[in-house]
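Below is one structure, written out as C-alpha cells; the observations come after it.
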Amino acid sequence: MDARREAQLVFERLAQDYDRSDVEFFGPAGERLVDHVGVSPGNAVLDIGCGRGAVLFAAARAVGEGGRVTGIDLSPAMVASVLAEAEQSGLRWVNALVLEAQEPAFPPESFDVITGGMSVHMLADTLGAFRSYHQLLCPGGRLGLSAPVTVVDPAPEVFGLRSIARLCAAHDAGSGIYPYAEAFGGARKARSDLRAAGFVQVKVREEPAFITAGSSESFLRWTWTHGMRALWERVSPRERDGAEDEIKSEAHARSEHGDRIVLRVPVMYVTAARPAP
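Below is the structure:
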C-alpha cells in the first residue's frame, strides 16, 4: 500500500475523534492562519485538506453570512463530519466536498481566498498545486498556508519532543508521516515556487505555536487522534508501553507550565496574492 492510500485510510478511521479533545494546537494555528491571510466578511474561501475544520470554521466566522466557505478533503468521513457540524452550528454558508487537493475541480477565479492548514506541503507537486490555486483565485485574491517546521538542531523534535522524533526514526520506514522534510523545500524554495506560479507579495513567517494539554496523559491520548496514529499503528504492543512512558515523561519535563503541558512548536505561515488587475 502506498503512503498516500495509507494516510487516507488512517484519516477515515480518525474522522470522529480527529482534533476533538481537550488539547489545543490545530485550532489556534488555524485561527492564526486566517488572521495572516486576511479573511474578511463576504469573502469566498476554499480550504484545502480541511480535516475536521480547524481552518474552515475560523474562516466561516470571519466571512460571516455574506460569504461562503468550501472545504475539500480526500476523506469522506472527514467531509461528512464537517457538514454535520456546520449544520448543527447553523453555518449555512459552509460546504465540504470530497476532492483532490492537487488540482481542485472548480471554475477559474472562483475564490477570494484559498487556505491550507498543515496540508498542502504534503502534496507530491507543490509547484503544480500553486499554479492550480493561482487560477482558482480571483485577481487580487490571497493564498495562505501553514506547515510544521522541521526541527533538527540541536536534536530532532516532533511536536516539541525528542522522544517522538526517535519513535518516528525507528518506525516511519520512509513513509513521510513524521518527521516531515523541510516544508515546501524550505522558505527560499517556497518563495521561488510561488513567484514562478504567478504570485506576488510572498511572505514566509516562522512563529511559535503551542500544544496545551491538561496532563501528560491527555497529551498522549491526543497523539492518537491525528496523523500520528499512523505511526502508533506501526509500533508493536510490546514496545508501546515503554514508548508511551518516555513521551509522557519528556512532555512533563519540557512543559513551559508547571501544572499542565505546554509545548512550544514552530509553525511556518506562507501568504501570497494573485496580482490585481
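The sequence shown maps to residues 0 to 276 in numbering that gives the first Met the number 0.
Where a beta carbon is used, it is the ideal one built from N, C-alpha and C, also for glycine.
Everything numeric in this text was worked out from a predicted model, so none of it was measured.
Quick check on DSSP: helix, strand or coil for residue i?
{"i": "Pro207", "result": "strand"}
{"i": "Thr114", "result": "strand"}
{"i": "Gly29", "result": "helix"}
{"i": "Thr171", "result": "Just to set this straight, residue 171 is Asp in the shown sequence, not Thr. Three-state result, Asp171: coil."}
{"i": "Ala100", "result": "coil"}
{"i": "Arg141", "result": "strand"}
{"i": "Val62", "result": "helix"}
{"i": "Arg51", "result": "coil"}
{"i": "Pro236", "result": "helix"}
{"i": "Asp192", "result": "helix"}
{"i": "Met267", "result": "strand"}
{"i": "Asp152", "result": "coil"}
{"i": "Asp124", "result": "coil"}
{"i": "Pro40", "result": "coil"}
Who does residue i pair with in a DSSP beta bridge?
{"i": "Asn94", "result": "Thr69"}
{"i": "Leu136", "result": "Phe110"}
{"i": "Ala272", "result": "Arg141, Val199"}
{"i": "Leu45", "result": "Thr69, Ile113"}
{"i": "Val261", "result": "Thr211"}
{"i": "Val157", "result": "Leu160"}
{"i": "Ala76", "result": "BP columns for Ala76 are empty, so no partner."}
Quick one: residues in its chain with C-beta nearer than 8 Å to the C-beta of residue i, no 5 flanking neighbours on either side, listed in chain order?
{"i": "Gln101", "result": "Leu122, Ala123, Asp124, Gly127, Ala128, Ser131"}
{"i": "Ser217", "result": "Ser20, Asp21, Val22, Ile260"}
Counting only the same chain and skipping the five closest in sequence on each side, list residues whose C-beta sits under 7 Å from that of residue i.
{"i": "Trp223", "result": "Trp231"}
{"i": "Ala196", "result": "Leu126, Phe129, Arg130, His133"}
Once you ignore the five residues that flank residue i on each side, which residues in its own chain have a CB closer than 6 Å to its CB?
{"i": "Leu135", "result": "Phe105, Ser109, Phe110"}
{"i": "Gly139", "result": "Ala275"}
{"i": "Lys202", "result": "Thr270"}
{"i": "Ala59", "result": "Val68, Leu90, Val93"}
Between the Cα of residue i and those of the options, spot the shortest distance and give me the residue it belongs to.
{"i": "Ser145", "options": "His120, Ala164, Val93", "result": "His120"}
{"i": "Val234", "options": "Val22, Asp171, Gly184", "result": "Asp171"}
{"i": "Trp92", "options": "Leu98, Pro107, His133, Gly41", "result": "Gly41"}
{"i": "Ala212", "options": "Arg253, Leu45, Cys167", "result": "Arg253"}
{"i": "Ala43", "options": "Glu64, Ser88, Gly29", "result": "Glu64"}
{"i": "Ala272", "options": "Val38, Gly29, Pro27", "result": "Val38"}
{"i": "Val36", "options": "Val97, Gly115, Ala53", "result": "Gly115"}
Quick one: does residue i have its CB under 9 Å from some CB of chain D?
{"i": "Val119", "result": "The displayed structure is made up of one protein chain only, and chain D is not part of it."}
Quiz item: Three or more C-beta pairs closer than 8 Å, one from the stretch 263-270 and one from the stretch 136-153: is that the case here?
Solution: Yes, since at least three Cβ pairs between the stretch 263-270 and the stretch 136-153 fall closer than 8 Å, the two stretches touch.
Quiz item: Can at least three beta-carbon pairs, one atom from the stretch 62-76 and one from the stretch 150-166, be found at a separation below 8 Å?
Solution: No contact exists between the stretch 62-76 and the stretch 150-166.
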